[in-house]
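Since the structure comes first, as structure tokens, the remarks are kept for the end.
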DNA sequence: AATGAATGAGATTTCATTCAT
DNA sequence: TATGAATGAAATCTCATTCAT
């Protein structure tokens, strides 16, 4: 098994952080009304600062974080924060959407770069575990996939995985019967392993990944997967 | 791969857990002895009720539970709870000790029953994931193995795993280089998968287990485990 | 000024601890009723054990002590304690009565022993500060003299002081205008000093006592006491 | 003995205590500066209200007060109180620091006003007992001098006493061997007397003070102070 | 529009007193 | 009658959300 090391997988990639994101669904002001000259620049800067700070904190501590910590790090007041995101959940939602999307985009790119379907798959896992697996809120939310409706970003990510799965399957490289859901669950599972061992035994999860990937290969297994 | 189904693996088995003297609960106190002996049937009942309720709640919600919920479920007042367990942590500790020990004992028994080392190993995982993997507090604590000193119960469990690992290794059934720590991490990892999917897709983790176990086998892998 | 050292002044003097105290006003059972053969011996032993333990604990920690500590030290259960003393206050009251009386009795004896009125006075203070001043509950209660009606024991003690005051006054040794209340207040005042410095500077209060007594002498003062 | 009556000695004098900028409370914020400056008039008002209420309550009841009582009296919610003072101890500390400092400052001023060292000394005691002796928390803390490290305010006060002691000693007015510690202990001692008798016999402590001061004079005592 | 102070419902823990055994 | 377990009202401290400035 080859587990490549995509150096680009550095974890919290603000990426579009500075882009104004004109398609944003949660823009505070309905454009059609009277007031016009209101300086939107400040508000947008604040909004992005909040999201950026929230992303960092949520990555570090998960969704149980104190909202004041986010306000503090973003340099805005609580009022401003709550003007942009009336509920803590809204902010979390926004951050997750952004980070899942960024991740999905990066993953798609990496997947396309790889010529070999198997390499694409392993690269995806390697990248995911090196990068976003450390993002506590991301992993928390990914784990909720089985409990409720997915975030848009999760759906995007799932599509990438589905693509990887299909490709490897079609190439006869993937063990028969393996589904996108299996790969997703494996991802969350290994992501948890990463979080647990990251501080004390930074590389240990690599061995688990290797084992799992070998178990996913098309050949060498005594019996088919159970239903 | 044969994944046996140890029917005995139903999760919280208080059974003869801590106090193995069920007769003392009704015995009318052997008054003739030196005034001191008083197991207090009802106190024991309460203590057990608290532990039992705590075990349930901790299994369901993890260590972040509200103590009052435990008091409510066990039918005692806060004062009673705190008489038996002066700190929330004491109660958690007691429950974890009990449940880890029960688990370790059951696991050891199952391990001894199996003649084949590989069967023993797979049976262990099967049992663990069918049973205690649903216990949130247990899994939380197991994940802390990499962050701090282990509970006594965790050590017992680790011994069992070590034994299984050694046996399978000696029989040449286990992939070279696999360690007890790998198996423990796999356990926590898959345990997380169980918790995530338990409600919506009860059996899905079985597939992941199968994959992982196949990855753990001695043969059929293109390259050795990474350091 | 001579400050004698009455060696007998060792603080918690159980004294009447073992005596059944037939004059007790708080005896639990009205003697005139039917039931007769009830074993009073046990009850009395318990009662005394409680009082003794309470005295120790109250001396050490004052009236803010936890009732359970008293029960623990006396070796009886809470129920027994509350049977004898329905309110914490009742127990405190009883102990204070006992200890104040013991103190007053000892003080009276010492006072009578001394031939010189001034020696009697100084001996009293010396004894008090060496002994009962460390009894936190005693001192707490003595301080309440100015806030409410006195305990019987306090009245006894006050009588002793009054006697000492009168004697020294009649002998022309005491500064004109000094009252029993002045001496009592001085006692509480110095008692507080003892408690404060007892651990770190065990003898310091002696200097304060010396100063105060010199200020109490009949002669050598530039002007009379203020009203 | 002349015990002057410094009329200014009325007890809790917040005056210009901590924040000497009363104008800032109404100034409408100099918006032109770098967005950051915001003393927040109402927050300061609340902070002061809390400190003021705490000072009153601490003076009345000592450090054992219920924090909620302080919140109630200052008219703020618990959250506000804890925003300003994260621990009860912080609030107590702040109040003690403020009140000790105010006291020390006033005492120093009074001490400097008096030309005669003896008058300075008596004026200090008179002022202390008329004023801060009623402050239960202040006295509690002063009593802890012998048990642990001093608060900054206590050190300031001790310096004042030291100065008074030295001056009187140098002038040959103070009894040989009297130390700053003696005077401090006398202060706490008499302070206790004040608290005890304040309600029922408001002036009684004056007599004790007179007696003690006479005992402190350089002349008229039969023997030196004990070690 | 921005700020950050204010709010108050919980969460853990203690202790005088009562009550079942 | 003796026991000590049970009770539940405080007391301290936290944090998502609102509101005055």
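Residue numbers (our numbering), protein chains in the order written: chain G, 39 to 265; chain X, 39 to 265; chain Z, 39 to 265; chain V, 39 to 265. Here a beta-carbon is modelled for each residue, glycine too, at the ideal position from N, C-alpha and C. Everything numeric in this text was worked out from a predicted model, so none of it was measured.
- Query: Three or more C-beta pairs closer than 8 Å, one from the stretch 185-197 of chain Z and one from the stretch 207-216 of chain V: is that the case here?
  - Reply: Cβ pair count under 8 Å is below three, so no.
- Of all the options 258(V), 185(V), 242(V), 262(V), which has the alpha carbon lying nearest to the alpha carbon of residue 164(V)? Ranking the options by Cα distance to residue 164(V), first place goes to 242(V).
- Task: Assuming residue 227(G) contacts residue 253(X) (C-beta within less than 8 Å), just tell me the rounded distance between them.
- Result: About 13 Å separates the beta carbon of residue 227(G) from that of residue 253(X), a gap too long to meet the 8 Å contact definition.
- Message: Less than 8 Å between the beta carbons of residue 147(G) and residue 162(G), yes or no?
- Response: Taking C-beta atoms as the reference points, residue 147(G) and residue 162(G) fail to come closer than 8 Å.
- Entirely enclosed beta strand (DSSP E) segments - the stretch 69-113 of chain Z, minimum 3 residues: Within the stretch 69-113 of chain Z, no run of beta strand (DSSP E) at least 3 residues long lies entirely inside it.
- Min CB distance residue 110(X) to chain G below 8 Å: Taking a beta-carbon distance threshold of 8 Å, residue 110(X) does not count as an interface residue toward chain G.
- Query: By how many angstroms is the C-alpha of residue 84(G) removed from the C-alpha of residue 95(G)?
  - Reply: Those two C-alpha atoms are separated by around 16 Å.
- Message: Quick check: the Cα distance between residue 115(Z) and residue 105(Z), rounded to an integer number of angstroms?
- Response: Distance between the alpha carbons of residue 115(Z) and residue 105(Z) is about 11 Å.
- Grouping DSSP H, G and I as helix and E and B as strand, with all else coil, what is residue 239(Z)? It is coil, neither helix nor strand.
- Task: Within its chain, find whatever has a CB closer than 8 Å to the CB of residue 259(Z); leave out the 5 residues flanking it on each side and keep chain order.
- Result: If we look at residue 259(Z) and ignore the five residues flanking it on each side, its Cβ neighbours are 213, 253.
- Query: Given that residue 98(Z) touches chain V, what residues does it touch there, using C-beta distances under 8 Å?
  - Reply: Correct list: empty, because the minimum Cβ distance to chain V is about 15 Å.
- Task: Give a yes or no on whether 8 Å exceeds the smallest Cβ distance from residue 140(X) to chain G.
- Result: Taking Cβ atoms only, chain G never reaches closer than 8 Å to residue 140(X), which makes this a no.
- Query: Applying a beta-carbon distance threshold of less than 7 Å, which residues of chain V neighbour residue 235(Z)?
  - Reply: Within chain V, the residues near residue 235(Z) are 184, 223.
- Minimum Cβ-Cβ distance from residue 25(X) to chain G less than 8 Å: Nothing about residue 25(X) can be reported from this structure: the residues present for chain X run from 39 to 265 only.
- Go ahead and pull the three-state DSSP assignment for residue 263(X). Correct three-state label for residue 263(X): coil.
- Message: Bridge partners for residue 212(Z) per DSSP, in chain order?
- Response: Answer is 255(Z), bridged to residue 212(Z).
- Hey, is residue 252(Z)'s beta-carbon within less than 8 Å of any beta-carbon in chain V? Residue 252(Z) counts as touching chain V.
- Identify which residue in 121(V), 236(V), 196(V) has its Cα closest to the Cα of residue 173(V). Answer by Cα proximity: 236(V).
- Query: By Cβ distance below 6 Å, which residues in the same chain neighbour residue 112(V) in space, the five residues on each side in sequence not counted?
  - Reply: 87, 88, 91, listed in sequence order.
- Query: Apart from the five residues just before and just after residue 245(V), which ones in its own chain have a Cβ nearer than 6 Å to its Cβ?
  - Reply: Result list for residue 245(V): empty, nothing under 6 Å.
- Below-8 Å beta-carbon distance, residue 204(V) vs any chain Z residue: False, the Cβ-Cβ gap to chain Z never drops below 8 Å.
- Neighbour list for residue 248(G) in chain X, Cβ cutoff strictly below 7 Å: Result: 263, 264.
- Message: Suppose the cutoff is 8 Å on Cβ atoms and the five residues either side in sequence are ignored; what does the same chain contact list for residue 261(Z) look like?
- Response: For residue 261(Z), where only same-chain residues beyond five positions count, there are no Cβ hits under 8 Å.
- Item | Contacts that residue 238(G) makes with chain X (C-beta to C-beta distance below 8 Å) | Going along chain X in sequence order, the residues near residue 238(G) (Cβ under 8 Å) are 184, 185.
- Message: What does the alpha-carbon distance come out to for the pair residue 233(V) and residue 131(V)?
- Response: For residue 233(V) and residue 131(V), the distance between alpha carbons rounds to 21 Å.
- Message: Using beta carbons (cut-off 8 Å, strictly below), is residue 197(G) in contact with chain X?
- Response: Not an interface residue.
- Please report how far the alpha carbon of residue 152(V) lies from the alpha carbon of residue 158(V), in whole angstroms. Each residue's Cα considered, the two are about 5 Å apart.
- Item | Assigned secondary structure, residue 245(V) (DSSP; H/G/I helix, E/B strand, else coil) | Correct three-state label for residue 245(V): helix.
- Task: Within the same chain, show all residues whose beta-carbon is closer than 6 Å to that of residue 171(G), passing over the 5 residues directly before and after it, in chain order.
- Result: Taking residue 171(G) as the centre and dropping the five residues before and after it, the same chain places the C-beta of 229, 232 closer than 6 Å to its C-beta, in chain order.
- Would you check if the distance between the CB atom of residue 167(X) and the CB atom of residue 247(X) is smaller than 8 Å? Taking 8 Å as the Cβ cut-off, residue 167(X) and residue 247(X) qualify as a contacting pair.
- Would DSSP call residue 115(X) helix, strand or coil? In the three-state reduction of the DSSP assignment, residue 115(X) falls in the coil class, being assigned neither a helical nor a strand state.
- Is residue 219(G) close to chain X, meaning its C-beta is less than 8 Å from at least one C-beta of that chain? Under the 8 Å criterion on CB atoms, residue 219(G) is classed as interfacial with respect to chain X.
- Could you list the residues in the stretch 148-166 of chain V with a C-beta less than 7 Å from some C-beta on chain Z, going in chain order? Under the 7 Å Cβ criterion, the stretch 148-166 of chain V contributes no residue.
- Neighbouring residues, chain V, relative to residue 181(Z) (Cβ below 7 Å): What residue 181(Z) touches in chain V, judged by beta-carbon distance under 7 Å, is 234, going in chain order.
- Message: Taking the straight line between their C-alpha atoms, what separation do you get for residue 255(V) and residue 205(V)?
- Response: Residue 255(V) and residue 205(V): Cα-Cα distance of roughly 13 Å.
- Taking Cβ positions, are residue 155(G) and residue 79(G) nearer each other than 8 Å? Their beta carbons are not under 8 Å apart, which means residue 155(G) does not touch residue 79(G) by this criterion.
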